[in-house]
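First comes the structure, then the notes that go with it.
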Amino acid sequence: MASADSNPMSQGTTISQTDEEPIIICRDMNKWFGEFHVLRDINVSVAPQEVVVIIGPSGSGKSTLIRCINRLEEHQEGQILVDGMELGHDVRNIAAIRREIGMVFQQFNLFPHLTAMQNITLAPIRVRHRPRAEVEDDAMQLLERVGIPEQAHKYPGQLSGGQQQRVAIARALAMEPKIMLFDEPTSALDPEMIKEVLDVMKELALSGMTMLVVTHEMGFAREVADRVLFMDEGRIVEQGEPEHFFERAQHPRTKLFLSQIL
Amino acid sequence: MPDDTSPGNLPTQGSRLRRVLADQRVLQVLGQVIFVILAITVFWVLGNTAAGQLRAKGLVPTFGFLDLRSGFAISESPEWYSGDSTYGQAFVVGLINTLRVVSIGLVAASVLGLFVGVFLLSTNWLIRNISRAYVELLRNTPLLVQIFVWYFIVMFSFPQIRDAITIPAEGVTFITLRIVLWALLGLMLWRYLDRPSADFGRREAMRYGFGALLLVSELLAWGHWERGAGWPWRPGAGLTIPTLVLVLVSVNLFLLGRGNLLPLRVRPNARGLGLGALAASLLFGYGLLPMASLRVETLPAFFISIRGFVMPDLLATGRFAPWFAYVGLGILIAGFVWIWLGRRTEDTGRPYARGRLMLLALLVPAALGWVLVGLEPPPTHIPVEQGGEVVLQPLADAAEAGLLSTEDRLRTLTQPLLVQMPSQNRFGRFLTGLEFTPEMMALLIALVIYTSAFIAEIVRAGIQAVPHGQLEAGRALGLSQAQLLEKIVLPQALRVIIPPLGNQYLNLSKNSSLAIGIGYADTFTTTVTIMNQSGQSVTGFLMVMVTFLALSLLISLFMNAVNRRFQLVTR
């Protein structure tokens, strides 16, 4: 894990946690939905292998932020660089960046007409052009890693929510991404299934994956995150290492938010 | 019925019979038995009465009349049918005509509906709203009215057969390059309506400048031409006054763009507009493009008149069968290539140009076969009728003298297929060519367009039924737009589309009986004529109903089979 920063409570402008070249850089990013200003002057950079958890009230722009990073949403101002490539209107860059980034959604978004195995192998075969046999072996290993190898040939409709989300994680990992984005991965799950998904995410974080996680699971943030970002009304209000962040938040808005959820 | 002796039942009330009659299971069986008895009784009474009445009026349903001479001609019938044929044969002609309209109609309505359905979801404002208007207008007006409009207004507005519209016109045609310019203009308008609002740079400005001035100069030229002054810009005519104005305007725009008069932001745009406009006005000013055209000599291939549509016919010659064997071989190889490359892609993940290789596998044997079957020389002499007796003549001479019938030509040609252009006799009757009567065209067009409006809505609904998250998941995995459509959207949309689509197919096939409104000789129309002449109305209606029932069941069977393939597996 990378957290060599001596000033954990730094605010506002770009911060990098290590000396390493950041893998994601957002500079002065702004986004509007029609008249509504969703993201305001976002400056963030994420180092390789760093785990960043984004929290904040609903409507604060957390999901929009990570959705901009793989261009599910288009930002209107500023710059986003992923692994040295600029994310703009160039479709080649968009395609290349999407190959580097895996994403896990709140609603799983598994393909209901394909089995768990086919869900996982579709993109590696079609996008990465790898041989089926090899991809299927890897997919099986991934299913073992997320703990459900016996469900390989079932359809999403036959799986529980927690199992579906774990297949979704395996599907994203099968593309061998450098970065994983999690958009409230446990919000649509029953309480007892949340743990099985969080366990998989913890294991992934320990293995050195760069992760951006939008979540309301404060326990996960405390335990796994290298850095916590707090967003409100489209701005990054405050950020820091979890221990400092949760114990000694500076900004009154952050304090209010934490007092309501902790 | 089993006796309830287990504890926990209701306290026993009344007699044993009452208890049995209160049993849910007994009641269910009893209800069904009573219903079946009632139904049988009702049908027996009704049937008996009807049969008695029909017998009294001498209308007993029989099929013997089908072998009687029909005595009426059918305008749209194969060669084997004439007034001397039987009623049974007349019915078969009607059946063939129904199947012709339904089979072409189903395919055409599906294709048209698919396109309009996709257009309904277009991001292009113009396309989206035009297709919306199309759907609303067509599905909210009665079909019979539409058929009449197509028949009595559209088909009847075509010229008499001697003034038939011919495509292409006979003689020499000039294809002016202005068409290309207009296509460019159309493309620009399209892009303009489609463009994201933020991107408007110098390059776009140049295109719009070019386009706008093309438009202006075209309009000016047209005005000039309308006044009878001819095209103003002939080659070598040099700069005319309107052109001069255009050039001045564009040069000024360009200079404005260069100079300091305009705000910095719009300067490159003005420069672009100026350059584009300059290019346009110069091209037109010197009349380079208006006059540049291709000279093509043409024979009329399509005739459109009040008597219907005629198009070139494709005829199989004596060498068609051996050639078709080669084509069959090609189809086999292509099928094999398709499957094999599909497997290779699955196994190795490498994409192959499957479509192109398959096309090659189809075309090579067909072309090879075409050459090989043509190798054998045609007979040198052919028997022809001359002055009342049959004599052998050299083939070339006979052909030159115009003594060969179509059959002779088909027999002696070395190529497997013959494209026969339409030809008329002195009275305008077509001797060769494929003819479609106005009745058939009106019915077909009306059915296709009416049904396509419903299919379009079904397609739109099907595509919209795929949750947006599915697209996002596909994009996040890096799938291309085409892969998204093929692997994610279509399989899921089809399962929503297929059941209502089947209903529309049934509607189209049954609606085809509205042919009677305009006198197209389909199953129903011919049967009505048969019934009028033979008096066998009960048998007639029975035959029509059984025919449509069979057709509908066939379509349902097919759609159910397709439907089963796309059902989702859930727990």
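Protein chains in written order, with the numbering used here: chain A, 20 to 281; chain B, -8 to 562. All residues carry an ideal CB built from backbone N, CA and C; glycine is no exception.
With fewer than 16 other Cβ atoms inside 10 Å of its own Cβ, Val24(B) counts as exposed.
Annotation: the region 196 to 241 of chain A contains the following complete segments of the beta strand (DSSP E) (minimum length 3 residues), in chain order: 198 to 202, 229 to 233.
Per DSSP, the beta-bridge partners of Gly299(B) are Ser296(B).
Minimum Cα-Cα distance from Arg117(A) among the listed residues Ile43(A), Glu262(A), Gly78(A), Phe276(A) corresponds to Ile43(A). Cβ contact annotation for Thr530(B) (same chain, cutoff 7 Å, sequence separation greater than five): Pro52, Thr53, Phe54, in chain order.
Counting C-beta atoms within 10 angstroms of its own C-beta, Trp314(B) has 16 or more neighbours from the protein chains shown and is therefore classed as buried.
Non-local beta-carbon contacts of Pro490(B) in its own chain, meaning distances under 7 Å to residues more than five positions away in sequence, involve Asn554 in chain order.
Straight-line spacing of the CA atoms in Glu161(B) and Thr371(B) works out to 34 Å. For the options Leu481(B), Phe26(B), Glu337(B), the alpha carbon positioned closest to that of Arg147(A) is the one of Glu337(B). Excluding five sequence positions before and after Gln483(B), the CB atoms of its chain that fall closer than 7 Å to its own CB belong to Val457, Gln461, given in chain order. Within its own chain, the residues whose Cβ lies closer than 7 Å to the Cβ of Lys197(A), once the five positions on either side in sequence are excluded, are Ile42, Asp102, Glu119, Thr229, listed in chain order.
For Pro356(B), the uninterrupted alpha helix (DSSP H) segment begins and ends at 345 to 364.
Judged by beta-carbon spacing, Gly96(B) lies beyond the 9 Å limit of Val328(B), meaning their Cβ atoms are not closer than that value. Interface flag for Gly177(B) against chain A is unset, since no Cβ pair is found closer than 9 Å. Legend: CB atoms of the region 140 to 164 of chain A lying less than 9 Å from CB atoms of chain B belong to residues Leu141, Ala142, Pro143, Ile144, Arg145, Val146, Arg147, His148, Arg149, Pro150, Arg151, Ala152, Glu153, Val154.
A straight-line Cα-Cα distance of about 22 Å links Trp116(B) and His108(A).
In its chain, beyond the 5 residues on either side, Ser61, Trp71, Tyr72 have a beta carbon closer than 8 Å to the beta carbon of Gln80(B). Straight across, the Cα-Cα distance linking Val70(A) with Val247(A) is about 9 Å.
Under a 10 Å Cβ-count criterion, Asp245(A) is classified as buried, with 16 or more other Cβ atoms of the shown protein chains found around its own Cβ. Within the DSSP secondary-structure output, Ser414(B) pairs in a beta bridge with Thr423(B).
Asn89(A) has a beta carbon lying within less than 9 Å of a beta carbon in chain B.
In the same chain as Val219(A), and ignoring 5 residues on each side of it, the C-beta atoms closer than 8 Å to its own belong to Arg164, Val165, Gly166, Arg185, Ile188, in chain order. For the C-beta of Phe130(A), the chain B residues within less than 9 Å are, from N- to C-terminus, Gln461, Ala464, Gly465, Lys478, Ile479, Pro482, Gln483. As summarised for the region 48 to 97 of chain A, the continuous beta strand (DSSP E) elements at least 3 residues long and confined to that stretch are 55 to 65, 70 to 74, given in chain order.
Taken through DSSP and simplified to helix, strand or coil, Arg341(B) comes out as coil.
When only Cα atoms are considered, Arg153(B) and Met412(B) end up about 17 Å apart.
Sixteen is the threshold: since fewer than 16 other Cβ atoms of the shown chains lie within 10 Å of the Cβ of Pro374(B), the residue is exposed. The DSSP-derived three-state label of Arg246(A) is strand.
Per DSSP, the unbroken beta strand (DSSP E) holding Pro385(B) starts and ends at 380 to 385.
At least 9 Å separates the beta-carbon of Leu111(B) from that of Gly200(B). Exclusion of the five residues before and after Ser443(B) leaves Ala100, Leu103, Gly104, Val107 as the residues of its chain whose Cβ lies within less than 7 Å of its Cβ. Residue contact with chain B for Ile120(A): present (Cβ-Cβ distance below 9 Å to some residue of chain B). From the beta-carbon of Gln474(B), the residues of chain A found nearer than 7 Å are Arg145. By the Cβ-count criterion, Leu269(B) is buried, with 16 or more other Cβ atoms from all chains shown falling within 10 Å of its own Cβ. Annotation for Thr89(B): Ser503, Asp513, Thr514 place their beta carbon closer than 7 Å to its own, counting only its chain and skipping 5 residues before and after. Chain order gives the chain B residues near Arg117(A) as Arg466, Ala467, Leu468, Gly469, where near means a beta carbon separation below 8 Å.
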